[in-house]
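Enquirer:
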Amino acid sequence: MTSPKASRRSRKRPCASAPPASPAPTPLNSDQARAVSELSSALDRGDPVCRLLGYAGTGKSFSVVRLLQAYATYRPVLLTAPTNKAAAVLRAMAAEIGGQVETATIHKILGLRPEVDADRGRYILKRVRQPAIEDGALIVVDECSMVDSLLLGHILQAAQSARAQVLFVGDPAQLPPIFEPDSPAFSGHGVTARLTQIVRQKADHPILAMTQKIRDAMQGGPVPVFETKHSTDGSLIHLGAAEFEAAMLAAMHRPEYHADSDYCRVLGWTNGKTDHYNRLIRRSLLGQPAEQQALLPGETVVACSPILELGISIGDSVAVLNAVPDIRHSIPALKARIANSKGKQLDVWVVTPDGKEVYKQELSKLAKVANQLQSEFNDHRNGNTLSMYPQLSDKRRRAAWVTFFEFKDESFSDLRPVHASTVHRSQGSTYEKVFVDLTDIGRSTRRDVLLRLLYVALTRSRGDVYVTGELPERLYREPD
Numbered sequence: 000m001t002s003p004k005a006s007r008r009s010r011k012r013p014c015a016s017a018p019p020a021s022p023a024p025t026p027l028n029s030d031q032a033r034a035v036s037e038l039s040s041a042l043d044r045g046d047p048v049c050r051l052l053g054y055a056g057t058g059k060s061f062s063v064v065r066l067l068q069a070y071a072t073y074r075p076v077l078l079t080a081p082t083n084k085a086a087a088v089l090r091a092m093a094a095e096i097g098g099q100v101e102t103a104t105i106h107k108i109l110g111l112r113p114e115v116d117a118d119r120g121r122y123i124l125k126r127v128r129q130p131a132i133e134d135g136a137l138i139v140v141d142e143c144s145m146v147d148s149l150l151l152g153h154i155l156q157a158a159q160s161a162r163a164q165v166l167f168v169g170d171p172a173q174l175p176p177i178f179e180p181d182s183p184a185f186s187g188h189g190v191t192a193r194l195t196q197i198v199r200q201k202a203d204h205p206i207l208a209m210t211q212k213i214r215d216a217m218q219g220g221p222v223p224v225f226e227t228k229h230s231t232d233g234s235l236i237h238l239g240a241a242e243f244e245a246a247m248l249a250a251m252h253r254p255e256y257h258a259d260s261d262y263c264r265v266l267g268w269t270n271g272k273t274d275h276y277n278r279l280i281r282r283s284l285l286g287q288p289a290e291q292q293a294l295l296p297g298e299t300v301v302a303c304s305p306i307l308e309l310g311i312s313i314g315d316s317v318a319v320l321n322a323v324p325d326i327r328h329s330i331p332a333l334k335a336r337i338a339n340s341k342g343k344q345l346d347v348w349v350v351t352p353d354g355k356e357v358y359k360q361e362l363s364k365l366a367k368v369a370n371q372l373q374s375e376f377n378d379h380r381n382g383n384t385l386s387m388y389p390q391l392s393d394k395r396r397r398a399a400w401v402t403f404f405e406f407k408d409e410s411f412s413d414l415r416p417v418h419a420s421t422v423h424r425s426q427g428s429t430y431e432k433v434f435v436d437l438t439d440i441g442r443s444t445r446r447d448v449l450l451r452l453l454y455v456a457l458t459r460s461r462g463d464v465y466v467t468g469e470l471p472e473r474l475y476r477e478p479d
């Protein structure tokens, strides 16, 4: 691939310094300067793919801004991320970069939307329109640890068609995509520049010091013990259950949280524990009405399944405008009028607590039918006898999966209180304060996954991290 701007050597690079009246920009440190130089060389050569990998606090965003300021004045730059929340963070970067910079989710840029794959019984991404990528663009994919193999294939194919270059940016200690052992965007052809020096806060900052110990444990070192350590920039605070609950509720009652629900978050590993915290916080914030109805007008809730009509992705917040009891498909539910961040409204149905058992039973029946038909199909496929598989059976199998997913994700919406979340769903988000249940995270039986859960949970915070409970004793035993 040739350089998108062959005449670049004959042109002066745009000056990255601020106007004379403004303070001079903070210089790159040696680690960042080396990484930016490596990436600039790769882009100038016309390499189709390159990567910037770095842990929390190494200055990935700062380095990306300085890198892109040299390109955005003469070629289109697309700042993208896998989720709406992560993409929203990029807007501030775009303003700092200047030039021809657009921000959006990578799915929107590529023209993708989830659709049922009847052959595999799961959702896949399907292209519904042509990618919105200008010829010779530079595509930056932030939070690339969340990009799975299928999405990666779409990105590379679209970039090649548009003669575009791709820069993947991510943290190698974060959780990989669901169903994948590793993040595929971290490997492959192309230059990989790595940031290793912590610069966002001092190296002895309590939270960053703990995340360093967690990364060391990922490499075989001892698992750290959580102890309270204070700092003016952010503290790591270990509390007993009662004190943790009091601090958590105090944060939720602060005006900052009422103004912005991303001010703080409670994080755990299991849905059961996060549901417990959400019930506790709702009762404290809303009083008796919270006990009587799962959704109340004026609440902000989080979508745990996509709502395509509103452009809502998993993890996006929506406002509840109204909610009344209803029956849908013979299942007790709430009919709720919700609105996205742009004010667009939609009526959805949410299963109530007393309807969950009936819902699970119906979902189980539909899944059983689809899996039985899928098993017959798989037997023919594995035995190379698909030519003998009846077309009527194939039609029934596909229809069964469509019925299952329509009932699961379209007939009802999965809306939950915003206050507590699983660590997986928090990846890509940032909060001022984070509350972490160590005991719940410790229920993960895989040491490698548990350590990544801890790392992601702690690095969601811009300020203080409160933890409660203990990690399991098995993590501290000497190997036999």
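Numbering (numbering that gives the first Met the number 0), first residue to last: 0 to 479. Just so you know, even glycine gets a beta-carbon here, dropped at the ideal spot from N, CA and C. In this text the structure is predicted, and so the values were computed from the model without any measurement.
Give, in chain order, every unbroken run of the alpha helix (DSSP H) that is at least 4 residues long and sits entirely within the stretch 134-189.
Expert: 148-160, all fully within the stretch 134-189.
Enquirer: If you count every other CB in all the chains shown that lies within 10 Å of the CB of residue 298, and 16 or more means buried, which is it?
Expert: What you label residue 298 is simply residue 299 of the sequence shown in a count that begins at 1. With 16 or more other Cβ atoms within 10 Å, it is buried.
Enquirer: At a cut of 8 Å, does the stretch 273-287 reach the stretch 314-322 through at least three beta carbon pairs?
Expert: Too few Cβ pairs lie closer than 8 Å, so no.
Enquirer: In chain order, what residues of the same chain have a beta carbon less than 6 Å from the beta carbon of residue 248, not counting five sequence neighbours either side?
Expert: The residue you call residue 248 lines up with position 249 of the sequence shown. Only 283 meet the Cβ criterion.
Enquirer: Just reading off the alpha helix (DSSP H) that residue 418 is part of, what are its end residues?
Expert: By 1-based counting over the sequence shown, the position of residue 418 is 419. Premise fails: residue 418 is in no alpha helix (DSSP H) and is neither H nor E.
Enquirer: Name the DSSP bridge partner or partners of residue 364?
Expert: Position 365 of the sequence shown, counting from 1, holds the residue named residue 364. Beta-bridge pairing links residue 364 to no other residue.
Enquirer: Do residue 235 and residue 464 have their CB atoms nearer than 8 Å?
Expert: The residue you call residue 235 lines up with position 236 of the sequence shown. The residue you call residue 464 lines up with position 465 of the sequence shown. Going by C-beta atoms, residue 235 is nearer than 8 Å to residue 464.
Enquirer: Assuming residue 117 and residue 104 make a contact with CB atoms under 8 Å, what is their CB distance in whole Å?
Expert: The sequence position of residue 117 within the sequence shown is 118, counting from 1. The sequence position of residue 104 within the sequence shown is 105, counting from 1. Actually they are not in contact, since the Cβ atoms of residue 117 and residue 104 sit about 26 Å apart, beyond 8 Å.
Enquirer: Step through the CB atoms of chain C and report whether any lies within less than 8 Å of the CB of residue 92.
Expert: Reference to chain C is not applicable here, since this structure consists of a single protein chain.
Enquirer: Please classify residue 446 as buried or exposed, where buried requires at least 16 other C-beta atoms within 10 Å of its C-beta.
Expert: Reading the sequence shown from its first residue, position 447 is the one you call residue 446. Label assigned to residue 446: exposed.
Enquirer: When DSSP labels each residue in this structure, what does residue 486 get in the three-state scheme?
Expert: Residue 486 is absent from the model: the chain starts at 0 and stops at 479.
Enquirer: Could you tell me if residue 387 is buried or exposed, where buried requires 16 or more neighbouring beta carbons within 10 angstroms of its beta carbon?
Expert: Translated into positions along the sequence shown, residue 387 becomes position 388. Residue 387 comes out exposed.
Enquirer: Of the choices 53, 416, 362, whose alpha-carbon is the least far from that of residue 193?
Expert: The residue labelled residue 193 in the question sits at position 194 within the sequence shown. For residue 193, the nearest C-alpha among the options comes from 53.
Enquirer: Which residue comes first and which comes last in the beta strand (DSSP E) that contains residue 53?
Expert: Position 54 of the sequence shown holds residue 53. Note, residue 53: beta strand (DSSP E), 48-53.
Enquirer: What is the DSSP secondary structure of residue 321, reduced to helix, strand or coil?
Expert: Indexing the sequence shown from 1 puts residue 321 at position 322. Correct three-state label for residue 321: strand.
Enquirer: With three or more C-beta pairs closer than 8 Å as the rule, is the stretch 70-79 touching the stretch 132-149?
Expert: At 8 Å Cβ cutoff, the stretches touch.
Enquirer: Based on Cα-Cα distance, which residue from 41, 242, 366 lies nearest to residue 398?
Expert: Position 399 of the sequence shown, counting from 1, holds the residue named residue 398. Of the listed residues, the one whose Cα sits closest to residue 398 is 366.
Enquirer: Quick test of the definition: if touching needs 3 or more C-beta pairs under 8 Å, does the stretch 392-406 touch the stretch 425-432?
Expert: The stretch 392-406 is not in contact with the stretch 425-432.
Enquirer: Counting Cβ pairs closer than 8 Å, one from the stretch 173-181 and one from the stretch 449-464, do we hit at least three?
Expert: Touching, yes.
Enquirer: If I follow the unbroken beta strand (DSSP E) through residue 345, where does it start and stop?
Expert: What you label residue 345 is simply residue 346 of the sequence shown in a count that begins at 1. First-last of the beta strand (DSSP E) with residue 345: 344-350.
Enquirer: If you pair each beta-carbon of the stretch 257-274 with each one of the stretch 219-239, do three or more pairs fall below 8 Å?
Expert: The stretch 257-274 vs the stretch 219-239: no contact.
Enquirer: Rank 440, 165, 474, 444 by C-alpha distance to the C-alpha of residue 466 and give the top, closest one.
Expert: In the sequence shown, residue 466 corresponds to position 467, counting from 1. Measuring from the Cα of residue 466, the nearest candidate turns out to be 440.
Enquirer: On the CB-based measure, 16 or more other CB atoms within 10 Å of its CB, does residue 125 come out buried or exposed?
Expert: Counted from its first residue, the sequence shown places residue 125 at position 126. With fewer than 16 other Cβ atoms within 10 Å, it is exposed.
Enquirer: CB residue 436 to CB residue 272, shorter than 8 Å?
Expert: In the sequence shown, residue 436 corresponds to position 437, counting from 1. In the sequence shown, residue 272 corresponds to position 273, counting from 1. It is a contact, given that the beta carbons lie within the stated cut-off.
Enquirer: DSSP on residue 445, reduced to helix/strand/coil?
Expert: Locating residue 445 in the sequence shown gives position 446, where the first residue counts as 1. If DSSP states are grouped into helix, strand and coil, residue 445 belongs with coil.
Enquirer: Helix, strand or coil for residue 460? Go by DSSP, reduced to three states.
Expert: Counting from 1 along the sequence shown, the entry for residue 460 is found at position 461. Residue 460: strand per DSSP, three-state reduction.
Enquirer: Between the C-alpha atoms of residue 20 and residue 26, what's the straight-line distance to the nearest angstrom?
Expert: By 1-based counting over the sequence shown, the position of residue 20 is 21. By 1-based counting over the sequence shown, the position of residue 26 is 27. Note that residue 20 scores a pLDDT of 49, beneath 50, so its modelled location is shaky and nothing firm can be said.
Enquirer: Residue 474 to residue 432, Cα distance in whole Å?
Expert: In the sequence shown, residue 474 corresponds to position 475, counting from 1. In the sequence shown, residue 432 corresponds to position 433, counting from 1. Distance between the alpha carbons of residue 474 and residue 432: 27 Å.
Enquirer: Going straight from the alpha carbon of residue 251 to that of residue 245, what length do you get?
Expert: The residue labelled residue 251 in the question sits at position 252 within the sequence shown. The residue labelled residue 245 in the question sits at position 246 within the sequence shown. For residue 251 and residue 245, the distance between alpha carbons rounds to 10 Å.
Enquirer: Using the Cα positions of residue 288 and residue 51, report the straight-line distance between them to the nearest angstrom.
Expert: In the sequence shown, counting from the first residue as 1, residue 288 sits at position 289. In the sequence shown, counting from the first residue as 1, residue 51 sits at position 52. Cα to Cα, the separation comes out at about 49 Å.
Enquirer: Report the rounded CA-to-CA distance for residue 374 versus residue 306, giving the unit in angstroms.
Expert: As a first step, residue 374 is located in the sequence shown; it is residue number 375 there, counting from the start. As a first step, residue 306 is located in the sequence shown; it is residue number 307 there, counting from the start. Rounded to whole angstroms, residue 374 to residue 306 spans 30 Å at the Cα level.
Enquirer: So residue 131 and residue 152 are in contact, right, with Cβ under 8 Å, and what is the actual spacing, rounded?
Expert: Sequence index remark: in the sequence shown, residue 131 carries index 132 (1-based). Sequence index remark: in the sequence shown, residue 152 carries index 153 (1-based). The Cβ separation is near 18 Å, so there is no contact.
Enquirer: If distances are taken between C-alpha atoms only, which option among 293, 337, 294 comes closest to residue 311?
Expert: Walking along the sequence shown from the start, residue 311 turns up at place 312. That would be 337, whose Cα lies nearest to the Cα of residue 311.
Enquirer: Please classify residue 204 as buried or exposed, where buried requires at least 16 neighbouring CB atoms within 10 angstroms.
Expert: Start at 1 with the first residue of the sequence shown, and residue 204 comes out as number 205. By the 10 Å Cβ count, residue 204 comes out buried.
Enquirer: My assumption, with CB atoms under 8 Å, is that residue 233 sits in contact with residue 462. Please give the rounded CB distance.
Expert: Residue 233 sits at position 234 when you count from the first residue of the sequence shown. Residue 462 sits at position 463 when you count from the first residue of the sequence shown. 5 Å between Cβ atoms; contact.
Enquirer: How would you label residue 102, buried or exposed, when you count the other beta carbons within 10 angstroms and need 16 or more for buried?
Expert: Walking along the sequence shown from the start, residue 102 turns up at place 103. The residue is buried, with at least 16 neighbouring Cβ atoms inside 10 Å.
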